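So the structure is just underneath, and the comments pick up after that.
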Amino acid sequence: MNKSILYILTIITYSFVLYSCEDIIDINLRSVSPKIVIEGSVYLDSLPTIHITTTKDFNETNEYPLVKDAVVEIWDNVGNRETLLFKADIGRYVATNPRLKGIERRVYHLSVKYKEEEYQASSVMKPLVRLDSLTLSRIPLLDYPCPTVHFTTPTQKENGGYRCVTHINDRLRNNEMLISSGHIENKLVHLIIPVFRRDKESDDPIKQGDEITVELQCLDEELY
């Protein structure tokens, strides 16, 4: 018999009243060189896509520039290989070789060469875990509901974890949830995904009539 596991993030607010002397200090935030950020996605029965951006300084906007001139190569453990081209309309490098579509248990390797540096990574595609349903739940201190995903984990123990990515009205939210897949094999999981207001966002992030999409990603042990 499956046992039900309920994951709830409870927010606790502490109030402190401090009486002390006040002083003004200047904090010198040093500038740093931009870093490269690479996110590769391989979905079941779909072609791989790679999204590459660079970071910005602390006091700059959160709009991260796309890297369009990297050399991106992907291959699997059965000999399929391709150098990906950048597609400006979606801002990603996209594979076209149908043999590189995602297959469970297959190993995928990624190489990105940019400004005389090479970055490599490997990952195994985990077995598909289907979402049973998506509902809304209330959590303390929030006056609006948050998405809750319901799914059953595989019967065989899988090292790694699950990542939930949320879109509201086709806009990505930065409230991701990560849970370990260890010790929850063959279990029914109810996972609440807290969604908080963004900076300068006065309205509730979830309102009646909104369209909510939650993507459940299965991560191998190294990636998790």
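Note that my numbering has the sequence shown beginning at 6, numbered continuously upward.
Ideal placement from N, C-alpha and C gives every residue a C-beta, glycine not left out.
Since the model is a prediction, treat every value here as computed from it, not as a measurement.
Leaving aside the five residues before and after residue i along the sequence, list all residues of the same chain whose C-beta is less than 8 Å from its C-beta, in chain order.
i	result
E123	S116, V117
Going by C-alpha distance, which of the options is nearest residue i?
i	options	result
G96	P70, C151, L133	P70
R202	K162, N179, Q125	N179
R143	E181, V76, I198	I198
I41	Y229, R135, D208, K120	K120
E226	D208, E109, Y167	Y167
C223	V129, F91, P103	V129
In chain order, what residues of the same chain lie with their CB nearer than 7 Å to the CB of residue i, ignoring the 5 residues before and after it?
i	result
L105	L52, P53, I79, D81, N85, E87
S138	H155
Here's the rule I'm using: 16 or more other beta-carbon atoms within 10 Å means buried, otherwise exposed. How should residue i be labelled?
i	result
L49	exposed
V47	buried
P152	buried
P210	buried
V200	buried
L141	exposed
A75	buried
L196	buried
From the DSSP output, read off the bridge partner residues of residue i.
i	result
K118	V76, E123
H56	E44
E220	V170
Leaving out five residues before and five after residue i in sequence, what residues of the same chain have Cβ atoms less than 6 Å from its Cβ?
i	result
M182	C169, I198
E220	V170
H56	E44, R97
C26	Only weak support exists for where C26 lies, its pLDDT of 49 falling under 50; the coordinates are left without a value.
Q125	S116
Return the Cβ separation of residue i and residue j in integer angstroms, given the expectation that the two are a contact with Cβ distance under 8 Å.
i	j	result
T218	S186	Wrong, their Cβ atoms sit about 22 Å apart, outside the cutoff.
E4	K131	Summary: the structure shown does not reach residue 4, with the chain confined to residues 6 through 229, and so no result is reported for it.
L89	V77	4 Å
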